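End of the sequence shown sits at 284 in the numbering used here; the numbers just go up one at a time, nothing left out.
Below is one structure, written out as C-alpha coordinates, with a few remarks after it.
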Amino acid sequence: MDFSVWQAADGTWQLWSCIRHTRCGGKTRLFHRWEGQRLTDPDWQPMGIAMQADVRFGETPGGLQAPHVLKLGHTWHMFYGDWVHICHATSADGKTFTRQLTPDGRAGLFGEGPDANARDPMLLPVGGGYHCYYAAHPARIGSVYCRTSSDLSRWNASRIVAHGGSAGTGPTSAECPFVVHHRDSQRYYLFRTQRYGQNAQTSVYGSADPLDFGVNDDRCLIGTLPVGAPEIIAHEAQPYIASLLPSIKGIRIARLKWAG
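This is the structure we're talking about:
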(Lines of atoms letter the chains of each structure in order from A; the text may use other names.)
(Lines give C-alpha, C1' and ligand atoms only; values in the text may rest on other atoms or scores of the structure.)
Protein backbone atom coordinates (compact mmCIF):
# COMPACT_ATOMS: atom_id res chain seq x y z
CA MET A 25 0.00 0.00 0.00
CA ASP A 26 1.53 3.32 1.11
CA PHE A 27 5.04 3.85 -0.20
CA SER A 28 7.92 6.24 -0.85
CA VAL A 29 10.45 6.49 -3.69
CA TRP A 30 13.85 8.20 -3.51
CA GLN A 31 17.44 8.02 -4.79
CA ALA A 32 20.12 6.63 -2.45
CA ALA A 33 23.73 7.77 -2.14
CA ASP A 34 24.96 5.14 -4.61
CA GLY A 35 22.55 6.39 -7.28
CA THR A 36 20.10 3.49 -7.04
CA TRP A 37 16.41 4.14 -6.58
CA GLN A 38 14.71 2.90 -3.45
CA LEU A 39 11.07 1.96 -2.98
CA TRP A 40 9.76 1.16 0.49
CA SER A 41 6.16 0.11 0.88
CA CYS A 42 3.90 -0.89 3.76
CA ILE A 43 2.93 -4.55 3.33
CA ARG A 44 -0.22 -5.71 5.11
CA HIS A 45 -1.41 -9.12 6.33
CA THR A 46 2.07 -10.51 7.02
CA ARG A 47 2.98 -12.95 9.80
CA CYS A 48 4.81 -10.34 11.89
CA GLY A 49 1.97 -10.25 14.43
CA GLY A 50 0.04 -7.33 15.88
CA LYS A 51 -1.38 -5.14 13.12
CA THR A 52 0.46 -7.39 10.57
CA ARG A 53 2.26 -4.53 8.77
CA LEU A 54 5.93 -4.01 7.94
CA PHE A 55 8.13 -2.23 5.39
CA HIS A 56 9.52 -4.09 2.37
CA ARG A 57 11.96 -2.51 -0.06
CA TRP A 58 12.79 -2.73 -3.76
CA GLU A 59 15.73 -1.28 -5.69
CA GLY A 60 16.00 -0.01 -9.27
CA GLN A 61 18.89 1.32 -11.34
CA ARG A 62 16.76 3.96 -13.06
CA LEU A 63 13.55 5.58 -11.94
CA THR A 64 11.67 4.47 -15.06
CA ASP A 65 12.96 0.88 -15.12
CA PRO A 66 10.32 -1.86 -14.83
CA ASP A 67 10.42 -4.72 -12.34
CA TRP A 68 12.68 -3.38 -9.61
CA GLN A 69 14.62 -5.94 -7.60
CA PRO A 70 12.94 -7.01 -4.33
CA MET A 71 15.37 -6.56 -1.44
CA GLY A 72 13.41 -8.05 1.44
CA ILE A 73 12.06 -6.72 4.71
CA ALA A 74 13.41 -3.24 5.40
CA MET A 75 11.94 -2.43 8.82
CA GLN A 76 9.53 -3.76 11.44
CA ALA A 77 7.92 -2.15 14.47
CA ASP A 78 10.01 -2.22 17.65
CA VAL A 79 8.02 -2.35 20.87
CA ARG A 80 11.11 -1.36 22.87
CA PHE A 81 10.60 2.16 21.55
CA GLY A 82 6.85 2.26 22.10
CA GLU A 83 5.82 1.31 18.57
CA THR A 84 2.62 -0.68 18.07
CA PRO A 85 3.40 -4.33 17.20
CA GLY A 86 3.03 -4.76 13.45
CA GLY A 87 1.88 -1.16 13.18
CA LEU A 88 4.32 0.47 10.76
CA GLN A 89 2.59 2.63 8.16
CA ALA A 90 3.42 4.83 5.19
CA PRO A 91 7.13 5.69 5.01
CA HIS A 92 8.11 9.03 3.46
CA VAL A 93 11.77 9.87 2.73
CA LEU A 94 13.34 13.24 1.90
CA LYS A 95 17.03 14.07 1.54
CA LEU A 96 18.14 17.23 3.35
CA GLY A 97 21.81 18.07 2.92
CA HIS A 98 23.75 14.84 3.32
CA THR A 99 21.07 13.08 5.40
CA TRP A 100 17.99 11.13 4.37
CA HIS A 101 15.03 11.65 6.70
CA MET A 102 12.24 9.11 6.92
CA PHE A 103 8.94 9.92 8.61
CA TYR A 104 6.50 7.07 9.19
CA GLY A 105 3.55 6.05 11.34
CA ASP A 106 3.57 3.46 14.13
CA TRP A 107 -0.26 3.25 14.23
CA VAL A 108 -0.56 5.91 16.94
CA HIS A 109 2.34 8.32 16.42
CA ILE A 110 4.42 9.88 13.68
CA CYS A 111 8.07 8.79 13.97
CA HIS A 112 11.41 9.86 12.50
CA ALA A 113 14.49 7.92 11.32
CA THR A 114 17.63 9.05 9.48
CA SER A 115 20.22 7.56 7.14
CA ALA A 116 23.66 8.50 5.82
CA ASP A 117 23.31 6.38 2.66
CA GLY A 118 19.58 6.38 1.90
CA LYS A 119 19.25 2.66 2.60
CA THR A 120 19.88 1.93 6.28
CA PHE A 121 17.83 4.02 8.70
CA THR A 122 18.19 4.63 12.44
CA ARG A 123 15.29 5.76 14.61
CA GLN A 124 15.60 9.22 16.14
CA LEU A 125 14.27 8.76 19.65
CA THR A 126 12.80 11.30 22.04
CA PRO A 127 14.66 12.08 25.29
CA ASP A 128 12.59 9.39 27.04
CA GLY A 129 13.59 6.75 24.48
CA ARG A 130 10.40 6.68 22.44
CA ALA A 131 10.07 6.61 18.66
CA GLY A 132 6.80 8.54 18.57
CA LEU A 133 7.11 12.29 18.06
CA PHE A 134 3.44 13.25 18.08
CA GLY A 135 -0.06 12.02 17.27
CA GLU A 136 -3.73 12.87 17.62
CA GLY A 137 -4.63 10.40 20.35
CA PRO A 138 -4.52 6.62 20.89
CA ASP A 139 -7.46 5.87 18.59
CA ALA A 140 -6.85 8.48 15.87
CA ASN A 141 -4.35 6.38 13.85
CA ALA A 142 -1.98 9.23 12.91
CA ARG A 143 -0.36 8.04 9.67
CA ASP A 144 0.77 8.86 6.13
CA PRO A 145 3.27 11.63 6.99
CA MET A 146 5.14 13.66 4.41
CA LEU A 147 7.69 16.41 4.95
CA LEU A 148 7.89 19.67 2.99
CA PRO A 149 10.52 22.39 3.48
CA VAL A 150 8.75 25.76 3.71
CA GLY A 151 10.73 28.95 4.19
CA GLY A 152 13.39 28.19 6.76
CA GLY A 153 11.44 25.40 8.44
CA TYR A 154 9.44 22.25 7.77
CA HIS A 155 5.80 21.25 7.46
CA CYS A 156 4.82 17.67 8.30
CA TYR A 157 1.45 16.75 6.80
CA TYR A 158 -0.31 13.59 7.95
CA ALA A 159 -3.71 11.90 8.17
CA ALA A 160 -5.65 11.04 11.32
CA HIS A 161 -9.26 10.25 12.22
CA PRO A 162 -10.11 11.00 15.87
CA ALA A 163 -13.70 9.95 16.57
CA ARG A 164 -13.64 8.33 13.08
CA ILE A 165 -13.57 11.79 11.43
CA GLY A 166 -10.79 12.07 8.85
CA SER A 167 -8.71 15.18 8.24
CA VAL A 168 -5.34 16.27 6.91
CA TYR A 169 -3.23 17.66 9.74
CA CYS A 170 0.00 19.65 9.73
CA ARG A 171 2.66 20.45 12.30
CA THR A 172 5.60 22.80 11.77
CA SER A 173 9.17 22.66 13.05
CA SER A 174 12.44 24.52 12.68
CA ASP A 175 14.67 21.56 13.61
CA LEU A 176 12.69 18.32 12.98
CA SER A 177 12.80 17.60 16.73
CA ARG A 178 10.46 20.12 18.33
CA TRP A 179 7.04 20.33 16.71
CA ASN A 180 4.30 22.92 17.10
CA ALA A 181 0.70 22.04 17.86
CA SER A 182 -1.27 20.46 15.04
CA ARG A 183 -3.83 22.20 12.89
CA ILE A 184 -6.30 20.83 10.39
CA VAL A 185 -5.42 22.04 6.89
CA ALA A 186 -7.98 20.06 4.86
CA HIS A 187 -11.26 18.49 5.92
CA GLY A 188 -14.70 17.74 4.59
CA GLY A 189 -16.08 19.22 1.41
CA SER A 190 -17.00 16.87 -1.43
CA ALA A 191 -14.25 14.45 -0.32
CA GLY A 192 -16.27 13.68 2.80
CA THR A 193 -15.46 13.35 6.49
CA GLY A 194 -15.14 9.59 6.97
CA PRO A 195 -12.02 7.96 8.43
CA THR A 196 -10.54 7.36 4.96
CA SER A 197 -11.58 10.69 3.42
CA ALA A 198 -8.21 12.38 3.90
CA GLU A 199 -5.54 9.73 3.40
CA CYS A 200 -2.00 9.89 2.02
CA PRO A 201 -1.71 13.69 1.92
CA PHE A 202 1.06 14.87 -0.38
CA VAL A 203 1.86 18.57 -0.82
CA VAL A 204 3.95 20.03 -3.63
CA HIS A 205 5.18 23.60 -4.04
CA HIS A 206 4.86 24.64 -7.69
CA ARG A 207 7.51 27.31 -8.24
CA ASP A 208 6.09 28.83 -11.42
CA SER A 209 2.71 29.59 -9.87
CA GLN A 210 4.02 29.97 -6.30
CA ARG A 211 1.14 27.81 -5.14
CA TYR A 212 0.92 24.68 -3.03
CA TYR A 213 -0.97 21.63 -4.27
CA LEU A 214 -2.41 19.01 -1.93
CA PHE A 215 -3.19 15.48 -3.14
CA ARG A 216 -5.71 13.87 -0.75
CA THR A 217 -6.85 10.27 -1.32
CA GLN A 218 -10.35 8.92 -0.61
CA ARG A 219 -10.31 5.55 -2.37
CA TYR A 220 -7.90 2.93 -3.73
CA GLY A 221 -8.17 0.14 -6.27
CA GLN A 222 -10.28 0.05 -9.42
CA ASN A 223 -12.36 3.01 -8.23
CA ALA A 224 -9.48 5.07 -6.85
CA GLN A 225 -9.95 8.76 -6.19
CA THR A 226 -7.57 11.49 -5.08
CA SER A 227 -8.82 15.06 -4.69
CA VAL A 228 -6.40 17.84 -5.66
CA TYR A 229 -6.39 21.28 -4.05
CA GLY A 230 -4.43 24.45 -4.78
CA SER A 231 -3.65 27.25 -2.34
CA ALA A 232 -1.21 30.10 -1.79
CA ASP A 233 -1.21 29.16 1.91
CA PRO A 234 0.40 25.77 2.75
CA LEU A 235 -1.69 25.65 5.93
CA ASP A 236 -5.10 26.15 4.33
CA PHE A 237 -6.58 23.89 1.65
CA GLY A 238 -10.16 24.27 2.81
CA VAL A 239 -12.08 23.08 5.86
CA ASN A 240 -15.70 22.08 5.27
CA ASP A 241 -15.65 23.66 1.81
CA ASP A 242 -14.31 23.13 -1.72
CA ARG A 243 -12.96 26.63 -2.40
CA CYS A 244 -9.45 25.23 -3.03
CA LEU A 245 -10.56 22.09 -4.90
CA ILE A 246 -9.24 21.82 -8.46
CA GLY A 247 -10.53 18.37 -9.35
CA THR A 248 -9.94 14.65 -8.84
CA LEU A 249 -7.54 12.05 -10.23
CA PRO A 250 -8.34 8.32 -10.66
CA VAL A 251 -5.30 7.23 -8.63
CA GLY A 252 -4.57 6.18 -5.05
CA ALA A 253 -1.79 7.43 -2.76
CA PRO A 254 0.06 9.55 -5.36
CA GLU A 255 3.57 10.85 -4.70
CA ILE A 256 5.29 13.51 -6.83
CA ILE A 257 8.97 12.89 -7.59
CA ALA A 258 11.32 15.46 -9.17
CA HIS A 259 14.33 14.07 -11.07
CA GLU A 260 16.57 15.92 -13.52
CA ALA A 261 14.05 18.76 -13.92
CA GLN A 262 11.29 16.29 -14.83
CA PRO A 263 8.39 15.70 -12.42
CA TYR A 264 6.94 12.21 -12.12
CA ILE A 265 3.83 10.89 -10.41
CA ALA A 266 3.89 7.51 -8.66
CA SER A 267 0.75 5.80 -7.41
CA LEU A 268 -0.70 2.43 -6.52
CA LEU A 269 -1.74 0.06 -9.28
CA PRO A 270 -5.51 -0.48 -9.56
CA SER A 271 -4.86 -4.00 -8.24
CA ILE A 272 -3.10 -2.48 -5.19
CA LYS A 273 -0.35 -5.06 -5.80
CA GLY A 274 2.32 -2.70 -7.09
CA ILE A 275 3.42 0.83 -7.90
CA ARG A 276 3.33 2.65 -11.24
CA ILE A 277 5.28 5.75 -12.30
CA ALA A 278 4.55 8.21 -15.13
CA ARG A 279 5.93 11.54 -16.28
CA LEU A 280 3.90 14.48 -15.02
CA LYS A 281 3.21 17.74 -16.84
CA TRP A 282 1.81 20.79 -15.08
CA ALA A 283 -0.74 22.67 -17.20
CA GLY A 284 -2.59 25.95 -16.87
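Even for Gly, the Cβ is constructed at its ideal location relative to N, Cα and C.
For clarity, every value in this text was computed on a predicted model and none was experimentally measured.
Give every residue of the same chain whose Cβ lies closer than 8 Å to the Cβ of VAL228, excluding the five residues on either side of it in the sequence, and list them in chain order.
Here the set comprises TYR213, LEU214, PHE215, ARG216, LEU245, ILE246, GLY247, THR248 and LEU249.
TYR104 and PRO91: beta carbons closer than 8 Å?
In this structure, TYR104 lies near PRO91, with their beta-carbon atoms less than 8 Å apart.
Beta strand (DSSP E) segment containing ASP106, residue limits:
No beta strand (DSSP E) contains ASP106, which DSSP labels as neither H nor E.
Alpha carbon of ARG47 to alpha carbon of ARG53, nearest angstrom:
C-alpha separation (whole angstroms): 9 Å.
Three-state class that DSSP yields for PRO162 in the structure shown:
helix
By the DSSP assignment, the beta strand (DSSP E) with ARG57 in it spans what residues?
54–60
Looking at the unbroken beta strand (DSSP E) that takes in THR196, where does it start and where does it end?
Note, THR196: premise wrong, no beta strand (DSSP E); not H, not E.
Would you call the CB atoms of LYS119 and GLY87 closer than 8 Å?
no
Could you tell me whether the stretch 201–210 touches the stretch 144–158, using the rule of 3 or more Cβ pairs below 8 Å?
yes
Which value, in whole angstroms, describes the spacing of the CA atoms of HIS101 and VAL93?
5 Å
Supposed close pair PRO195, GLY166 - CB separation, criterion 8 Å
5 Å
Would you give the residue range spanned by the beta strand (DSSP E) that GLY252 belongs to?
Where GLY252 is concerned, there is no enclosing beta strand (DSSP E), given that its DSSP letter is neither H nor E.
Hey, THR64 and ILE277 are a contact pair by Cβ (cut 8 Å); roughly how many whole angstroms apart?
With a Cβ gap of about 7 Å, THR64 and ILE277 count as contacting.
Thinking C-alpha only, which one of SER173, LYS281, HIS56 and PHE27 is nearest ASP208?
LYS281
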